[in-house]
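Per the numbering used here, the sequence shown starts with residue 49, numbered consecutively.
Just so you know, even glycine gets a beta-carbon here, dropped at the ideal spot from N, CA and C.
Predicted model, so just to flag it, every value in this text is computed and none were measured.
Here's the structure, in structure tokens; my notes come after.
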Amino acid sequence: MSSPDLQLESRTCAKPWCRVTLPAGYKFLTCRKCLDQSRESKQRVKANGGPSNTSQKRKRDIQDDTSGSQDAPTIQIRQNNNGSDSEDDEINEEEFSTYSTANELFRALRALSKQNKPLSFRGAFSWDDSSIAAKDKVQRMALQVWKVAGNRYTVKNHKVLKSGHYTRFWCSQDEERKRKPKKTSAPSAKKRDTPGMKRFPCKSLLIISYSARHGGAPMLHLHLEHHMPHVPYYDVRMPEGAADIIRQHADWLTPVQIAGKIRLEYPHVMPQQVSTAWAEISQIFWKRNDNQLTSLLILLTELGDEVDVFDVGTLPDGIEMVCWGMKKINEALKGKVVEIALDATYNTNSRHLELYTIMFEYDNAGFPASYCLLTTATAVEPGKRTCALRLWMDAVKTKYNVHPGYVHLDKDMAEIGASKAVWEAKISLCWWHLRRAVRTRLSSAKLGTTPYDAQRAHAEFAFIDSSFAPDSRPDQKDFEGGKPSLYMADDNQRISNIPNISTFTVPKLTVRLPPLPPKLPPALNASDLYDSEIEEILNSEDEDDESGNDPVGSKHHFCSPEFRQPIIDLMEQHYCAHPLIPGYAHPSLGGIKEWAVKKIYSFCVKNDLREVWAYIWENWYRAGRWELWARSVDNGIAILKTTMMVEAHWRRIKHDFLHHFHSPRIDLLAWILITKLAPPYYHHLSQMMTDSGRYRNLASWRKGFKAEWKKLEKRPITYPLSDKYRPDPSRWHLVQAVEPVPVTFFLEVKRNRSTPFWSHKALLFKDAKRTEVSMAVASMDLDSGDILTNHCYTVTGEEDEEIVDIGMGAQGQQIFDETIDDKCTLLLDFINAVQYQKQFKDHRFLHAFLQEGAGMLQMAKRCLDRERQYNSTRSQNPRTWDAGTSSVMFFKARPINSNQ
């Protein structure tokens with residue numbers, strides 16, 4: 049029994065566009081107005097056989113109405129005697145062709161589709177299978193129609209019938225049915241101009257109905273209207289079979305490897321789709337929390353068997369850092385690490401944390417020992433990055449007892465400062481980064497150079513003239529790697545007290561004019577000149593050719609192009625010079641630096657490169673900077689010359705994984721580093737340290753070493769030997785001074801950092817050669833005399849750059865003939881190959897041929913022009929030192945008469 053206080057709930061009209069509140073006790077579901085409109089509409093339909101007034105239609109019926117178009121398909125809907133629509137009589141069965149099976153219906157549909165004409169098809173067949181729901185049968189039929197007709201159809205609406213299911217579709221490429229794009233409400237969303245697929249005015253309609261009428265067998269009716277043939281729908285979705293492959297291999301294969309497997313079966317699947325699906329499916333392996341930093345710490349804890357998470361204590365404000373060590377690599381190489389390399393890479397994650405790594409060198413191979421994710425973007429304390437890196441390096445040193453002898457870095461001052469504070473090791477700058485920095489600066493158009501202290505340079509080396517200083521105003525920021533305050537305590541004071549900073553002087557403007565054309569000298573007989581006068585003329589012409597005058601209208605550079613490569617070549621000689629290496633430098637640490645400084649200083653003075661000298665001295669040769677890159681400051685010679693093993697490591701990360709993702713999460717990045725990138729290193733290290741009784745394949749550096757060794761075994765030795773190249777075979781192991789080595793030598797030989805540089809039991813000396821070379825070495829007193837007075841190491845302006853003097857004895861003539869024959873064979877074979885290219889008419893090859901072979905082609909033209917001029921009876925013989933033919937002055941012209 050209801051309570052008298054209980055109020056009846058108010059009702060509204062059932063029509064969704066009306067919603068008028070119905071009065072209490074009203075027995076109909078719709079309001080009186082809607083009832084009247086519905087009754088009038090049904091009467092008009094009964095009287096006219098169809099709708100006559102569209103003004104009273106519902107809004108969605110007006111949008112779907114296509115009766116106004118002459119080509120639009122029409123649907124005849126049967127009605128009951130009372131004028132209402134019958135749910136079981138939506139299809140007029142008299143208009144449909146009946147087929148015995150589904151295959152017969154699809155064959156008929158395929159035949160019509162291949163005619164490439166407007167398509168109108170009605171078909172039906174009996175499908176009595178109670179194990180499949182009516183809606184599933186309709187969806188399967190729609191998929192089959194897509195495969196047969198080539199067009200994909202999008203669902204418009206569904207209707208559940210009393211004895212089945214009814215679905216209406218339209219073509220997904222129908223331009224009249226294109227949905228308006230929805231604007232995203234995400235504040236960080238970017239506006240993209242994605243065109244989508246092409247649309248066509250195909251006026252499409254697909255109706256599929258499955259029902260049993262009048263107690264008969266269930267029938268499936270298909271009504272298809274498609275009035276404009278167009279390109280088939282191209283499906284870009286990930287197939288389910290491809291997704292299954294990703295699920296099976298997501299935990300141990302990279303996206304690149306999985307993409308290769310998938311495209312064998314599904315060629316239309318793009319690698320980017322595989323990477324996106326791999327990132328989503330693999331989340332169960334690496335995502336532990338929505339917060340990236342929290343998720344990363346939980347993940348590292350779960351991977352405790354693989355890594356050691358470092359506790360670096362309380363970090364200063366504004367610094368975020370997570371660092372860990374690779375447990376298996378550190379345990380295997382404990383006590384065997386002499387050289388390490390450290391480097392950073394950027395733009396690897398969505399948090400914009402810098403990724404650092406420390407790699408151990410073992411047998412010329414690199415192995416990642418530790419990683420660090422660091423950001424100091426919000427920290428304000430000076431030296432914040434150096435402090436954070438020092439905490440990380442100290443954790444690695446303490447945890448794994450790492451005490452390297454060499455630390456290889458680029459020119460990052462924070463990394464250098466932290467390394468010097470943690471380890472007592474030789475800091476060795478990467479030669480590749482050094483060379484690139486010097487080349488970039490020399491090619492720059494900025495004239496302002498590093499602040500130069502001429503008095504301090506003169507105090508360190510007396511031969512440096514204090515007046516040889518740049519005229520331009522110095523640039524306070526022109527320091528490689530930042531201000532050098534880490535290594536010289538008074539740098540800031542020194543820089544502020546430089547005389548040419550405090551007082552402004554008007555810079556000197558040097559304008560170089562092109563040389564005037566030389567006047568023709570009077571005809572002279574060569575026999576009237578003394579040899580000394582001829583030599584003077586030739587030397588003066590050489591100086592004119594090497595003056596480096598810029599052509600008219602040329603742009604002024606910090607360093608002229610003709611001087612850049614010689615400067616880099618000099619710096620490479622100074623980088624590699626060492627007391628253990630016989631050559632041009634004095635066999636002492638201090639002597640090598642004095643020799644190197646004088647060489648580069650003399651070059652700058654000779655060519656009036658004042659700004660270049662200031663840059664070179666302050667950034668690379670002064671005290672505090674020379675020790676960072678010169679090998680001669682240490683008693684040994686490091687095996688590594690660059691940090692390329694770290695760069696190769698970064699390349700593997702970015703090429704195999706990260707380039708598929710846009711700013712991946714840091715937990716995904718760490719999971720890739722630990723579970724994807726590390727296993728190949730584990731396997732390689734295990735092979736190197738485990739004796740399986742079989743020899744493995746040669747490492748890449750051993751292949752090059754073997755090829756060079758084999759080449760030097762066959763090279764003839766010319767005598768007399770140069771005084772600058774008489775190494776001791778007991779220290780250097782000259783190839784032809786030892787007995788032939790077995791095949792296992794190249795698999796087992798060990799590279800040392802001091803003499804002897806190569807050690808192996810198969811290195812046995814030949815007594816005769818050893819005695820001869822030992823006597824030659826004994827005759828040289830390398831420790832006597834001063835560095836600049838010793839004959840072997842005197843620095844001169846025109847120092848001989850050859851290592852071995854080449855004599856033209858019997859062996860020399862044989863080498864000349866063999867070389868000429870070899871090069872001629874190569875050129876003749878290449879000429880035939882070039883002529884074969886004519887049939888292909890490929891202009892790209894012609895462009896490359898003309899560009900790369902310009903030097904050889906130019907020399908060939910000069911030689912032939914010289915030969916024609918020489919053989920001509922009407923022209924003057926070519927001059928010996930003519931500017932155009934001096935490079936081919938030793939070319940002998942072929943005579944016209946074969947008897948000559």
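Residues that DSSP places opposite residue 205 in a beta bridge: 216
Grab me the residues of residue 380's own chain with a C-beta within less than 7 Å of its C-beta, minus the 5 sequence neighbours each way, in chain order. 733, 737
Measuring alpha carbon to alpha carbon, tell me which of 371, 239, 321, 278 ends up nearest residue 288. 321
Beta-carbon contacts of residue 280 that lie in its chain and below 6 Å, excluding the five residues immediately before and after: 198
Beta-carbon separation of residue 517 and residue 658 under 8 Å? yes
From the DSSP output, in three-state form, read off residue 250 for me. coil
Option in 451, 697, 650 with minimal Cα separation from residue 511: 650
Could you check the C-alpha separation between residue 297 and residue 329 for me, to the nearest Å? 10 Å
The stretch 304 to 316 in contact with the stretch 683 to 690 per 3-pair CB rule at 8 Å: no
Rounded to whole angstroms, what's the CA-CA distance from residue 370 to residue 354? Just pull it up for me. 16 Å
Taking the C-alpha atoms as reference points, what is the distance between residue 66 and residue 169? 39 Å
Which listed residue (346, 211, 74, 271) has its alpha carbon closest to that of residue 183: 211
Give the straight-line distance between the Cα atoms of residue 789 and residue 800, rounded to the nearest whole angstrom. 18 Å
In chain order, what residues of the same chain lie with their CB nearer than 8 Å to the CB of residue 382, ignoring the 5 residues before and after it? 448, 449
Is residue 391 helix, strand or coil when you go by DSSP? strand
Cβ of residue 333 within 8 Å of Cβ of residue 299? yes
Hey, is the stretch 189 to 206 in contact with the stretch 148 to 164, meaning 3+ C-beta pairs nearer than 8 Å? yes
Relative to the C-alpha of residue 786, which residue among 453, 229, 760 is closest? 760
Cα-Cα separation between residue 520 and residue 431, rounded to whole angstroms: 31 Å
Could you compute how far the alpha carbon of residue 489 sits from the alpha carbon of residue 606? 8 Å
With which residues is residue 416 paired in a DSSP beta bridge? 407
Check residue 479 in the structure and name its three-state DSSP category. helix
Contact set for residue 676: own chain, Cβ-Cβ below 6 Å, skip 5 residues either direction: 475, 477
How would you write the range of the beta strand (DSSP E) that residue 145 sits in, first residue to last? 145 to 147
Going residue by residue through the stretch 306 to 345, where are the continuous beta strand (DSSP E) segments of at least 3 residues, counting only ones entirely within it? none
I'd like to confirm the pairing. Which residues does DSSP put opposite residue 357 in its beta bridges? 372
Any idea if residue 149 is buried or exposed, counting beta-carbon neighbours within 10 angstroms, 16 or more meaning buried? exposed
Between which two residues does the alpha helix (DSSP H) containing residue 750 stretch? 748 to 761
Exposure label - residue 906; buried when at least 16 CB within 10 Å: exposed
Relative to the alpha-carbon of residue 8, which residue among 234, 248, 229, 866 has its alpha-carbon at the smallest distance? Residue coverage of the chain in this structure runs from 49 to 948, which leaves residue 8 outside it and unanswerable.
So for residue 806, helix, strand or coil by DSSP? strand
Looking at the secondary structure, which residues open and close the alpha helix (DSSP H) in which residue 190 lies? 182 to 197
According to DSSP, what are the bridge partners of residue 421? 370, 403
Residue 395 versus residue 467: straight-line alpha-carbon distance, rounded: 24 Å
Buried or exposed for residue 635, going by 16 or more other Cβ atoms inside 10 Å? buried
Residue 446: buried (16+ other C-beta within 10 angstroms of its C-beta) or exposed? exposed
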